[in-house]
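Worksheet for the structure shown next.
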Amino acid sequence: MKILLLGAGGFIGANLTERLVKDGQHEITALDIERAKLDETVKNGEIRFIHFDIRANEKKLERLTADHDAIIDLVAMANPSLYVSNPIDVFKLNFTENLKIAEFCVKHRKRIIQFSTCEVYGVTAARAFGKDSSKHPVPFAEDDTPLIMGPVKSHRWIYACAKQLLERVLHAYGLEEGLNYTIIRPFNFIGPRIDYLPSEQTGNPRVFSHFMNALLYGTPIKLVDGGVNYRAYTYIDDAVDCIVRIIDNRGGVCDRQIFNIGTPENEVTIKELANKMCATFDKYFRQPADPYPEIVSVSGEEFYGKGYEDCDRRIPDVTKARKLVGWRSEHDLDSVLFRTMKYFVEKHRTKQPSPGRDAVARYISREPESADFAICDGQRTDHLGNRLNVRKGRCRG
Ligand code: NAD
Ligand code: UGA
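Next comes the structure, spelled out in structure tokens:
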């Protein structure tokens, strides 16, 4: 199959492109305005890379769509600080420009796999009714759960609204024009090549990079509104494995379906995430010269600006992915954090100011004991009381 991967230079795109190249089943055209995360793959001549801004030339975008069998659309502004600082740009790119791609797929009868977001679920029903969502762990299901957004003045929701509207348009094109779409709602993927560290580039990346920056450079760990809200983290390799199954689409089971991709059992509050990252760093990566960051609480408005509001809790229901494509994620939270932190430590140690720089010579990555992680034989129970089958395995760093 000829696949056009839009946004291939981003975090998910680069990891997905590499996996598809490794599998060797498809012919890949990768498109993005950035290439750094894909440099090795491009240098090895393993893919056709097109440096192209999807806003720049509609005719070229249409020709490219017509020339491929399936279009995977990852292009978006996907960073909450941008939803607050540049809401119109977020709407224009994430809805208006992405709509053009969808309409080219309708016109040329191409399959589209559209990346949406778990943020379309908005806040929990508990929160909306003034209840404490920590006492109401209700998973979000693709085809049943209502989508509840905050008020218009909290313009953070423009990202979720743009993505939700695009989902609704794809659904309508499916009904009226027979568009073959699959929508993916990722729930907080992390892993190698997620964002830059804020000490090394201006901007306000996603939470993992902020906390990693604090551990390597000593900036404070800032818990927005005390870090009481929850996220459920999925390792990028697990996520990519599910995406590849959706691309393969055996028996057409993914046609006109929406999929959550997430790991309900990896749910933590952001405060717990900070504590776990500190503990993992101390256990496996700390060097004598490394700073001990202080942990402080800041308001959402102070951290992001006016118009920020948070998702309180988002637990994915992944029954559909299990049933239709036989997928479940394999990495528990300790493993996800260890692997992602290892990548960052190895990449950034040499850039630390002296004496941290000398630490690179002393840095030895310790393999965690298998007993440290919950990937082992037998059954365990998630926080909702569901019995989970877990495979035997050892986490290799
Ligand atoms: P990312 O920012 O790393 O990737 C987006 C890519 O789009 C970037 O490489 C960027 O250069 C590219 N891009 C932006 N504007 C472009 C333009 N005009 N023309 C061409 N390319 C352009 O984000 P990501 O984390 O890889 O997310 C990919 C998709 O998945 C996005 O649609 C995002 O909304 C969605 N998503 C991701 C997560 C997650 O956990 N990472 C969660 C929910 C939704
Ligand atoms: C994330 C991604 O940023 C989006 O790209 C994606 O679309 C979305 O998830 C999704 O999965 O659908 P979010 O989880 O809100 O959005 O963004 P993060 O920056 O990772 O923040 C997670 C939590 O940490 C939020 O509660 C935020 O307020 C908090 N935070 C962030 C801190 O407490 N401290 C920080 O330094 C940064």
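Heads up: the sequence shown runs through residues 44 to 440, numbered per my numbering.
Backbone N, C-alpha and C fix where the C-beta goes; we use that ideal spot for every residue, glycine too.
Starting from Ser177, trace the beta strand (DSSP E) in both directions and tell me its first and last residue.
The residue labelled residue 177 in the question sits at position 134 within the sequence shown. Here Ser177 belongs to no beta strand (DSSP E), and DSSP marks it neither H nor E.
Is Arg382 near ligand 2, judged by its Cβ being under 7 Å from some heavy atom?
Counted from its first residue, the sequence shown places residue 382 at position 339. No; taking the cut-off as 7 Å, the Cβ of Arg382 has no heavy atom of ligand 2 nearer than that.
Determine whether the beta carbon atoms of Asn443 and Lys45 lie at a separation below 8 Å.
Lying before the first or after the last residue shown, residue 443 is absent from the chain, which here runs from 44 to 440.
Return helix, strand or coil for Ser197, following the three-state DSSP convention.
If you number the sequence shown from 1, residue 197 lands on position 154. Coil, per DSSP.
For Cys297 and Lys265, I'd like the C-alpha separation in whole angstroms.
As a first step, residue 297 is located in the sequence shown; it is residue number 254 there, counting from the start. As a first step, residue 265 is located in the sequence shown; it is residue number 222 there, counting from the start. Answer to the nearest angstrom: the Cα atoms are 40 Å apart.
How is Asn141 classed by DSSP in three states: helix, strand or coil?
On the sequence shown, residue 141 is found 98 positions in, with the first residue counted as 1. If DSSP states are grouped into helix, strand and coil, Asn141 belongs with the helices.
Which residues does DSSP pair with Asn303 in a beta bridge?
Position 260 of the sequence shown holds residue 303. According to DSSP, Asn303 bridges with Arg228.
Thinking just about the alpha-carbon of each residue, which of Ala215, Val368, Ile201 and Glu70 is nearest to the one in Asn292?
Residue numbering aside, residue 292 sits at position 249 when the sequence shown is read from its first letter. Comparing Cα-Cα distances from Asn292 to each of Ala215, Val368, Ile201 and Glu70, the minimum goes to Val368.
Count the other CB atoms within 10 Å of the CB of Ala113; is the residue buried (16 or more) or exposed (fewer)?
The residue labelled residue 113 in the question sits at position 70 within the sequence shown. By the 10 Å Cβ count, Ala113 comes out buried.
For His179, which residues of its own chain have a beta-carbon under 6 Å away from its beta-carbon, when the five flanking residues on both sides are left out?
Along the sequence shown, one-based indexing puts residue 179 at 136. Here the set comprises Ala169.
Quick one: grab the DSSP three-state call for Arg154.
Start at 1 with the first residue of the sequence shown, and residue 154 comes out as number 111. In this structure, Arg154 counts as strand in the three-state DSSP scheme.
Look at the Cβ atom of Gly234, then the Cβ atom of Thr60, and state whether they are nearer than 8 Å.
For this step, residue 234 is matched to residue 191 along the sequence shown. For this step, residue 60 is matched to residue 17 along the sequence shown. No, the pair does not count as a contact, with Cβ atoms beyond the cut-off.
Within the continuous beta strand (DSSP E) that includes Ala119, where are the two ends?
Looking up residue 119 in the sequence shown gives position 76. Element bounds for Ala119: n/a, residue is neither H nor E.
Can you look up Gly369 in the DSSP assignment and give me helix, strand or coil?
As a position in the sequence shown, residue 369 is number 326, starting the count at 1. Coil at Gly369, not helix or strand.
With a CB to CB cut of under 6 Å and the five nearest residues on each side skipped, what residues in its chain are close to Ser159?
Sequence index remark: in the sequence shown, residue 159 carries index 116 (1-based). Within the same chain, Ser159 has close Cβ partners Lys206, Glu210, Ile226 and Arg228.
For Phe387, verify whether its CB is less than 7 Å away from any heavy atom of ligand 2.
To locate residue 387, count along the sequence shown from 1; it is residue 344. Outside the cutoff, so no.
The beta strand (DSSP E) with Thr383 in it runs from where to where?
For the purposes of this step, residue 383 is taken as residue 340 along the sequence shown, with counting starting at 1. Per DSSP, Thr383 belongs to no beta strand (DSSP E); it is in the alpha helix (DSSP H), Leu376 to His391.
Is any heavy atom in ligand 2 found nearer than 7 Å to the beta carbon of Ile313?
By one-based count along the sequence shown, residue 313 stands at place 270. It does: the Cβ of Ile313 is within 7 Å (strictly closer) of some heavy atom of ligand 2.
Just the C-alpha distance for Tyr406 and Thr306, rounded to the nearest angstrom, thanks.
By 1-based counting over the sequence shown, the position of residue 406 is 363. By 1-based counting over the sequence shown, the position of residue 306 is 263. Residue placement at Tyr406 is poorly supported in this model, since its pLDDT is 41, which falls under 50; the coordinates still yield a value, given next. Using only the alpha carbons, I get a separation of about 31 Å.
Please name the residue in Val85, Gly67, Leu81 and Cys148 whose C-alpha comes closest to that of Arg106.
On the sequence shown, position 63 is the one that residue 106 refers to. Among Val85, Gly67, Leu81 and Cys148, the Cα nearest to that of Arg106 is on Cys148.
Thinking C-alpha only, which one of Arg152, Lys390 and Arg356 is nearest Tyr216?
Your numbering for residue 216 matches position 173 in the sequence shown. The residue with the shortest Cα to Cα distance from Tyr216 is Arg152.
Among the residues of its own chain, which have a CB less than 7 Å from the CB of Leu190, if the five just before and after it don't count?
Against the sequence shown, residue 190 aligns to sequence position 147. Closer than 7 Å at Cβ, skipping near neighbours: Val163, Tyr164, Gly165 and Gln207.
By how many angstroms is the C-alpha of Gly295 removed from the C-alpha of Lys366?
Here the question's residue 366 lines up with position 323 in the sequence shown. Here the question's residue 295 lines up with position 252 in the sequence shown. Distance between the alpha carbons of Lys366 and Gly295 is about 13 Å.
Excluding the five sequence neighbours on either side, which residues of its own chain have a C-beta within less than 7 Å of the C-beta of Arg62, listed in chain order?
Locating residue 62 in the sequence shown gives position 19, where the first residue counts as 1. These residues qualify, in order along the chain: Val283 and Val287.
Considering only residues of the same chain and omitting the five flanking positions on each side of Ala402, which have a CB-CB separation below 6 Å?
Working through the sequence shown from its first residue, we reach residue 402 at position 359. Confidence is the limiting factor: at Ala402 the pLDDT is only 45, short of 50, which leaves the residue's position unreliable, though a coordinate-based value still follows. Closer than 6 Å at Cβ, skipping near neighbours: Gln330 and Ala332.
Return the chain-ordered list of same chain residues with a C-beta closer than 8 Å to the C-beta of Asp132, the five sequence neighbours on each side being excluded.
Residue mapping note: residue 132 aligns to position 89 of the sequence shown, counting from 1. For Asp132, where only same-chain residues beyond five positions count, the Cβ hits under 8 Å are Met120 and Leu125.
Tell me where the alpha helix (DSSP H) around Asp75 begins and ends.
Along the sequence shown, read from residue 1 onward, the residue named residue 75 stands at position 32. Run containing Asp75: none in the alpha helix (DSSP H); it sits in the beta strand (DSSP E), Glu70 to Asp75.
Rounding to the nearest angstrom, what Cα-Cα distance links Arg274 and Cys285 in this structure?
Within the sequence shown, residue 274 is the residue found at index 231, counting from 1. Within the sequence shown, residue 285 is the residue found at index 242, counting from 1. One C-alpha to the other measures close to 19 Å.
From Leu48 to Leu142, what does the alpha carbon distance come to, in whole angstroms?
Taking the first residue of the sequence shown as position 1, residue 48 is located at position 5. Taking the first residue of the sequence shown as position 1, residue 142 is located at position 99. Computed Cα separation, rounded: 16 Å.
Run the proximity test for Leu48: is its beta-carbon closer than 7 Å to any non-hydrogen atom belonging to ligand 1?
On the sequence shown, residue 48 is found 5 positions in, with the first residue counted as 1. Answer for Leu48: no, Cβ out of range of ligand 1.
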